[in-house]
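Here's the structure, in structure tokens; my notes come after.
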Amino acid sequence: MYDKNNVFAKILRGEIPNKTVYSDDNVLAFYDVAPRARVHVLVIPRGEYTDIFDFTQNAPADVQVAFWNGFRNTVEKLGLRDNFRTVANTGRGAGQSVMHFHIHIMSDERFVEDF
Ligand code: AMP
Numbered sequence: 001m002y003d004k005n006n007v008f009a010k011i012l013r014g015e016i017p018n019k020t021v022y023s024d025d026n027v028l029a030f031y032d033v034a035p036r037a038r039v040h041v042l043v044i045p046r047g048e049y050t051d052i053f054d055f056t057q058n059a060p061a062d063v064q065v066a067f068w069n070g071f072r073n074t075v076e077k078l079g080l081r082d083n084f085r086t087v088a089n090t091g092r093g094a095g096q097s098v099m100h101f102h103i104h105i106m107s108d109e110r111f112v113e114d115f
């Protein structure tokens, strides 16, 4: 069940500040407060979905399309077209600490050397 007091819900309500990268009617993207890559940004839907499973099962199709459009716009705004990773931790066992669906976008020169 969705907890309206999770930290991202508070960010969406403007109760906690954020460093916004991209924003539209459906999506907010902002810098992670504890970055684990040179660029570390979180993309979230404005709707109340706990994780990627909840979102893909319950969000209307147009909302899902709008989310991925916002995701792509965020990546393009960051100039990361061909050098980034995405992570969606799902469930506390997998390290999800904020129960509002979010995608991590991470990029670091080191990633290029990995390949
Ligand atoms: P996860 O562990 O996948 O749920 O990711 C949650 C992320 O939210 C972590 O990387 C945190 O550093 C980040 N985070 C927590 N609080 C804030 C905040 N107030 N502003 C920005 N990022 C946050």
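Sequential numbering of the sequence shown, starting at 1, is according to this note's numbering. Glycine residues also receive a C-beta, built at the ideal position from the N, C-alpha and C atoms. Every value quoted in this text rests on a predicted model; they were computed, and no experiment measured them.
- Checking the 7 Å criterion, the Cβ of isoleucine 16 is within range of a heavy atom belonging to ligand 1.
- With a threshold of 7 Å, the Cβ atom of alanine 29 does not count as near ligand 1, since no heavy atom of the ligand is closer than that.
- Contact annotation: the stretch 90-97 does not touch the stretch 32-49, with fewer than three C-beta pairs closer than 8 Å.
- Per the coordinates, the alpha-carbon of asparagine 58 lies some 10 Å from the alpha-carbon of glutamate 48.
- When distances are taken from the beta-carbon of glycine 79 to the heavy atoms of ligand 1, even the shortest one reaches 7 Å or more.
- When Arg38, Val39, Phe53 and Val63 are compared, the shortest CA-CA separation from arginine 46 is found for Val63.
- A straight-line Cα-Cα distance of about 18 Å links arginine 85 and leucine 28.
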